[in-house]
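Asker:
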Amino acid sequence: MSDLFPMKQVMGFGVSIILTIIAACVYFFNLSFPITMTILLVTAFIQAGLQLVVFMHAGETNDKPAIYTNIYYGLIIALVTIFGTLLCMIWGYI
Amino acid sequence: MEYFERFAIPHPSQAIYASMVAIGLTVIAIIVGLTYFKKWGYLWREWLTTVDHKRIGIMYLISALLMLFRGGADAIMMRAQMAVPDNTLLDAQHYNEIFTTHGTVMIIFMAMPFIMAFMNYIVPLQIGARDVAFPRLNALSFWLFFMGAMLLNISFVIGGSPDAGWTNYFPLANNEFSQSVGTNYYLFALQISGLGTLITGINMIVTILKMRAPGMTLMKMPMFTWSSLVANVIIVFAFPVLTVALTMGTFDRLFATNFFTTSDGGMDMLWANFFWVWGHPEVYILILPAFGIYSEIISTFSGRNLYGYKSMVGSMVIISFLSFLVWTHHFFTMGQGALTNSIFSITTMAIAVPTGVKIFNWLFTLWKGKIVFTTPMLYSMLFIPTFTIGGVTGVMLGMSAADYQYHNTMFLVAHFHMVIIPGVVFAMLAGLHYYWPKMFGFMLNEKIGKWTAWIIAISTLLAFMPMFVSGLDGQARRMYTYSASTGFGLWNMISFIGAIGLTIGFILLVYNVIYSIRYSPRNVGSDPWDARTLEWATPSPVPYYNFAKVPHVISTEALWDAKYHQHELFPEPYEKIHMPNNSGVPFLLGCIFFAWGFSFVFGMWIPTILTTIGIFICMAHRSLEKDPGHYVPVEKVKTTESKLRGSQL
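Chain order of the listed sequences is A and B.
Our numbering puts the first residue of the first sequence at 66, with every later residue one more than the last.
Our numbering puts the first residue of the second sequence at 1063, with every later residue one more than the last.
Structure follows, in C-alpha cells:
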C-alpha cells in the first residue's frame, strides 16, 4: 500500500494549500506593509521550491546536478539584479 | 484613403522615396527571378521548410551579411554628414533615425545572427551530433529572428523609423516625445527576434549538454562549444529581462500605462536600468562565441593545443557571472551616489581580469607554436592589439569618477566600436574564412582575404581612433552637426576616410566571395587547414546527417588524435540514421508573427486578434501533430559516404 500511495505528493499538496491560506490571510488582517511583504515573499519562495522539488521532480533524475546548478545560478542572478536595481534606483539614488 | 494615411512617413526625403522604389524593384526582381528560373519549389523544399542546422546556419549567415551592409550604409551616411562642419546632407531627424537604425541593426540583426550562424553550423559538428536537440524549434528561432529583422527594416518606408537611439531610452521614447510609430517598430522587432534568440539559447544548451559524442565529457569539449554553452546560458538569463522591459515599454506606448513616465508613479530611469541589465550580458553573448572562434583558429594555426584550457573555461564561467554584475556602469551619471557607483566600478574592473586571462592564454598558445599566417589567423592577430585598445579604454570608462568626463562623448563611441569591431566583427570574418571550406567545399582566396583583413583593420583604426581625441575635446555622441570653431572637423574627416576604407574592405570581401565561387579549386578535402576538432572529420560540404558513424572521443582534439596518435574515431559499424522531418510551420509562424508585430505597431486591433489566434493555431498544430521523423537506411548512407569521401574510405 505504501508503494502505491503517493505520500510525498499528498503531503506536498497539503503544505502548498497551507502556504496559500497563510498568504491569503494577509488580505484579512490589517498588517503593516513590511510584514505583509515579508509573509508574501517567504511563502512564495517556499511554494516555488516545493513545486520544483515535489511536483516537477527536480532531484529525481540523473540531471539533478544540472537542474540544481541551473536553479541556484538563476536565483543568484535574480537576486543580484533585484538588489542591484534597488541599489541604483532607490537606496543609492540621490 | 484616410485609413492608409497612417502608413505615410512622417519625415520624408528624396532618399527615402528612392529607397521605396528600390525596395519595390528588388522584390519584383526576386519574384520574377524565382519564377523565371523555376526556383520556388527548390526554395520551399530546401530552405524555407528546412530543419537542418547547417542550412539554418547558412541562412543566418546570409541575413547577417545583408544586415551588415544595411547597417554599414547607415554608418557611411552618418560619417558623411559629420565629415565637415555645418553639413546639411542630413537633417537632425534623419540623423536620429539613422543612428538608431545603425545601432539596432548592427547589434541585434548583424552581430547576433552572425554568432548564431556559427553556433548553429559548428556546435553540432564539434560535438559529433546529427542536429540540434530541437530541430523544429531551431527553424522557428531563425524565422522569428528573420521576421523581426524585416519588421525593423521596413520601418523607414512604412510609418517612420525609430529615432530614440538603439538604447531607446524612455521617457524620450514615450508617445509624448516620439510621436511616430517608429519606436513601436523597435519594440516589436526586438520582441519577436528576442523570442527567437531565447529559443535558440535553450535549444543550444540542451544540445550541448545532452547530445555530445561518446567520451566527450564537459571538459573535453572544443573551446568554441564551451564558449557557445556559456553564451547561451547568458542568453537564457538575460533575454527575459529585455522581454519584460519591451513589454512594459509597449504597454506605456500603446495602452497608456506609466512604467517609464515621469509622473503618476512611473520611474523614468527604470528603462535604462532594465535595458542594461540585459544589455551588458548581451555584450558577452556576442563576444564569448567570438573568443571561442579565435581560440579554435589560434590553436589550429599555431600547430599546437590551446594553452590553459581549464583557465579558459574558468574565465568564461566567471565572465558569465560577472557580466550580470556591472550594468550600472552604463549610466554612472544618472544620479546614483558615490557608493553605488564605486561598487559597480569595482565589478567592472574585475571583469577585465578573466578577459586578460584569455588574452594571455592566446599569447602563450602562440609561443613556440609553428605559426601559419592564413587569413583567419591574420584576423586573429590583428584582433589582439586592436581589441586591447578598446579594452583599456573600457577600463578608463569603468572608473566612475572619470566617467563623468567621458560619458556620452565620442570617446565612448570610439571605445565600444574598438571593442566590438575587433572582438566580434573580426572574429566573424575570421570564422567566415576559416569555416567557408566546411560550409561550401572550397576556400576563399587567401590573397584577397589578406588584403581585406589589412584594409579593414587599418580603416577601423582610422575611423575610430580620432573619436577618442574629439570625444575628449568634448564632441558629444549623436550630435548631427557642429560648427567649425569647435575644431572637430579634422578628426571627423579622418573618421570619414576610415569609414570609406571600411566600405572598400567589405566590398572586397564580397568580391572575394564572387571570385572564389568562380575560380577556387573544389578538391580541398575535408580538412584543408590541418585542424584539430571534430567538425573537420566529416566530408565538406557536410552530408545532411553530419556523421555517418558516431565518433568516439578521448580528448579535446578528437581529429588530431585520429590523425597523429592512432586514435580510432569511428569504431562503430554503419547503422540506419534517424533524422527529423522538414516542416513549413516554423516559416508560416514566422510570417504570422511578422503580421502580428506589424498590426501591433499601427494599433490595428482586428488583425492583431486574428494573427494572435493564428499563432495559437500553429502551436496547437505542433502539439497534436505526430512527427516521428524518418530513417536513412544503411545502404543510402554507404553510397553517400563513398561518393563524398571517394578513396578515403
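Quick reminder that beta carbons are idealized off the backbone N, C-alpha and C, glycines included.
1) Say whether chain A places a C-beta atom closer than 8 Å to the C-beta of F1055(B).
2) Taking only the alpha-carbon atoms, compute the straight-line gap between F1301(B) and L69(A) and give it to the nearest angstrom.
3) Evaluate L1711(B) with the Cβ neighbour count: other Cβ atoms within 10 Å of its Cβ, from every protein chain shown; 16 or more gives buried, anything less gives exposed.
4) May I have the straight-line CA-CA distance separating S1709(B) from D1589(B), to the nearest angstrom?
5) Our contact map puts I1359(B) next to A1191(B) with C-beta atoms below 8 Å; I'd like the distance itself, whole angstroms only.
6) What does Y1693(B) pair with, by DSSP beta-bridge criteria?
7) Is there contact between the segment 1630 to 1642 of chain B and the segment 1287 to 1300 of chain B, where contact requires at least three CB pairs shorter than 8 Å?
8) In chain order, what are the residue ranges of uninterrupted beta strand (DSSP E) at least 3 long that sit wholly in the segment 1611 to 1692 of chain B?
9) Among A1126(B), N1182(B), I1177(B), Q1076(B), which one has its Cα closest to the Cα of V1113(B)?
10) Given a cut-off of 8 Å, decide if L1206(B) and G1563(B) are closer than it, judged by their beta-carbon atoms.
11) For a cutoff of 8 Å on Cβ pairs, would you count L84(A) as touching chain B?
12) On the criterion of 16 or more Cβ atoms from any shown chain inside 10 Å, does E1159(B) qualify as buried, or is it exposed?
13) Closer than 8 Å, CB to CB, is A131(A) near chain B or not?
14) How far does the alpha helix (DSSP H) with A89(A) in it extend, from its first residue to its last?
15) Can you tell me where the alpha helix (DSSP H) with R1315(B) in it begins and where it stops?
16) Cβ atoms of P1186(B) and H1717(B): under 8 Å apart, would you say?
17) Excluding five sequence neighbours on each side, which residues of the same chain lie with their C-beta closer than 6 Å to the C-beta of I1267(B)?
18) Looking at the strands, I want to know which residues DSSP matches up with T1471(B).
19) Between which two residues does the alpha helix (DSSP H) carrying G1563(B) extend?
20) If I measure Cβ to Cβ from V1531(B) and keep anything under 7 Å in the same chain, skipping five residues before and after, which residues do I get?
21) For P1351(B), report the span of its alpha helix (DSSP H) as first-last.
22) Taking the beta carbon of C153(A) as the centre, do at least 16 other beta carbons fall within 10 Å, making it buried, or is it exposed?
23) Is the segment 1368 to 1380 of chain B close to the segment 1268 to 1286 of chain B, with three or more CB pairs under 8 Å?
24) For chain A, find out if any of its Cβ atoms is closer than 8 Å to the Cβ of G1399(B); answer yes or no.
25) Does any residue of chain A have a CB that is nearer than 8 Å to the CB of V1268(B)?
26) Chain A beta carbons: is any one of them nearer than 8 Å to that of F1321(B)?
27) Closer than 8 Å, CB to CB, is I159(A) near chain B or not?
28) Under the DSSP definition of a beta bridge, which residues are partnered with Q116(A)?
29) What are the residues in the segment 1179 to 1203 of chain B lying within 7 Å of chain D by C-beta distance?
30) For G1339(B) and chain A, any beta-carbon pair shorter than 8 Å?
31) Exposed or buried, which one is E1064(B) when buried takes at least 16 other CB atoms within 10 Å?
32) Which whole runs of the beta strand (DSSP E) in the segment 1410 to 1449 of chain B are 3 residues long or more, in chain order?
33) Tell me which residues share the same chain as V1696(B) and place their Cβ nearer than 6 Å to its Cβ, disregarding the 5 neighbours each side in the sequence.
34) Any idea what DSSP makes of Q1241(B), helix, strand or coil?
35) On the three-state DSSP scale, how would you describe Y158(A)?
36) Let me make sure I understand the geometry here. Which of V1694(B), A1610(B), N1644(B), I1566(B) has the alpha-carbon closest to that of L1105(B)?
Answerer: Well, looking at it:
1) Residue 1055(B) is absent from the model: chain B starts at 1063 and stops at 1711.
2) Position 239 of the second sequence holds residue 1301(B). Position 4 of the first sequence holds residue 69(A). Roughly 43 Å between the two C-alpha positions.
3) Mapped onto the second sequence, residue 1711(B) falls at position 649. Caution is warranted here: a pLDDT of 42 is assigned to L1711(B), below 50, making its placement in the model unreliable, and no coordinate value can be reported.
4) Here residue 1709(B) is taken as the residue at index 647 of the second sequence, counted from 1. Here residue 1589(B) is taken as the residue at index 527 of the second sequence, counted from 1. Unreliable placement is indicated for S1709(B), whose pLDDT of 48 sits below 50; the coordinate value is still reported in the next sentence. One C-alpha to the other measures close to 15 Å.
5) One-based indexing of the second sequence puts residue 1359(B) at position 297. One-based indexing of the second sequence puts residue 1191(B) at position 129. Not a contact, Cβ separation roughly 22 Å.
6) In the second sequence, residue 1693(B) corresponds to position 631, counting from 1. The partner list for Y1693(B) (beta bridge, DSSP) reads H1640(B).
7) no
8) 1639 to 1641
9) If you number the second sequence from 1, residue 1113(B) lands on position 51. Ranking A1126(B), N1182(B), I1177(B), Q1076(B) by Cα distance to V1113(B) puts N1182(B) first.
10) Numbered from its first residue, the second sequence carries residue 1563(B) at position 501. Numbered from its first residue, the second sequence carries residue 1206(B) at position 144. Cβ atoms of G1563(B) and L1206(B): not closer than 8 Å.
11) Along the first sequence, read from residue 1 onward, the residue named residue 84(A) stands at position 19. With 8 Å as the cut-off, L84(A) does not count as an interface residue toward chain B.
12) Stepping through the second sequence from its first residue, residue 1159(B) is reached at position 97. Its Cβ being crowded by 16 or more others within 10 Å, E1159(B) is buried.
13) Numbered from its first residue, the first sequence carries residue 131(A) at position 66. Yes, its Cβ sits closer than 8 Å to a Cβ of chain B.
14) On the first sequence, position 24 is the one that residue 89(A) refers to. Looking at the DSSP string, the run of the alpha helix (DSSP H) that includes A89(A) is 72 to 93.
15) The residue you call residue 1315(B) lines up with position 253 of the second sequence. Per DSSP, R1315(B) belongs to the alpha helix (DSSP H) from 1285 to 1317.
16) Not covered by the structure: residue 1717(B). The range shown for chain B is 1063 to 1711.
17) Translated into positions along the second sequence, residue 1267(B) becomes position 205. Answer for I1267(B): N1294, listed in chain order.
18) In the second sequence, the residue the question calls residue 1471(B) occupies position 409. Note: T1471(B) sits in a beta bridge opposite A1538(B).
19) Taking the first residue of the second sequence as position 1, residue 1563(B) is located at position 501. Unbroken alpha helix (DSSP H) run through G1563(B): 1551 to 1581.
20) As a first step, residue 1531(B) is located in the second sequence; it is residue number 469 there, counting from the start. Answer for V1531(B): W1553, listed in chain order.
21) Position 289 of the second sequence, counting from 1, holds the residue named residue 1351(B). Here the alpha helix (DSSP H) through P1351(B) covers 1332 to 1364.
22) Reading the first sequence from its first residue, position 88 is the one you call residue 153(A). By the neighbour-count rule (16 or more Cβ atoms within 10 Å), C153(A) is buried.
23) yes
24) Working through the second sequence from its first residue, we reach residue 1399(B) at position 337. At least one chain A Cβ lies under 8 Å of G1399(B).
25) Here the question's residue 1268(B) lines up with position 206 in the second sequence. Judged by the 8 Å Cβ criterion, V1268(B) is not in contact with chain A.
26) For the purposes of this step, residue 1321(B) is taken as residue 259 along the second sequence, with counting starting at 1. No, because no Cβ of chain A sits closer than 8 Å to the Cβ of F1321(B).
27) Sequence index remark: in the first sequence, residue 159(A) carries index 94 (1-based). Interface residue, yes.
28) In the first sequence, counting from the first residue as 1, residue 116(A) sits at position 51. None; Q116(A) has no bridge partner.
29) Although the question refers to chain D, the structure presented lacks it and instead comprises the protein chains A and B.
30) Taking the first residue of the second sequence as position 1, residue 1339(B) is located at position 277. Before going further, note that residue 1339(B) is Val rather than Gly in the sequence given. By this cut-off, V1339(B) is an interface position.
31) On the second sequence, residue 1064(B) is found 2 positions in, with the first residue counted as 1. That one is exposed.
32) none
33) Residue mapping note: residue 1696(B) aligns to position 634 of the second sequence, counting from 1. Only Y1636, K1638 meet the Cβ criterion.
34) Stepping through the second sequence from its first residue, residue 1241(B) is reached at position 179. Reduced to three states, the DSSP call for Q1241(B) is coil.
35) Sequence index remark: in the first sequence, residue 158(A) carries index 93 (1-based). In the structure shown, Y158(A) sits in a strand (DSSP, three-state: E or B).
36) Counting from 1 along the second sequence, the entry for residue 1105(B) is found at position 43. Nearest of V1694(B), A1610(B), N1644(B), I1566(B) to L1105(B), Cα basis: N1644(B).
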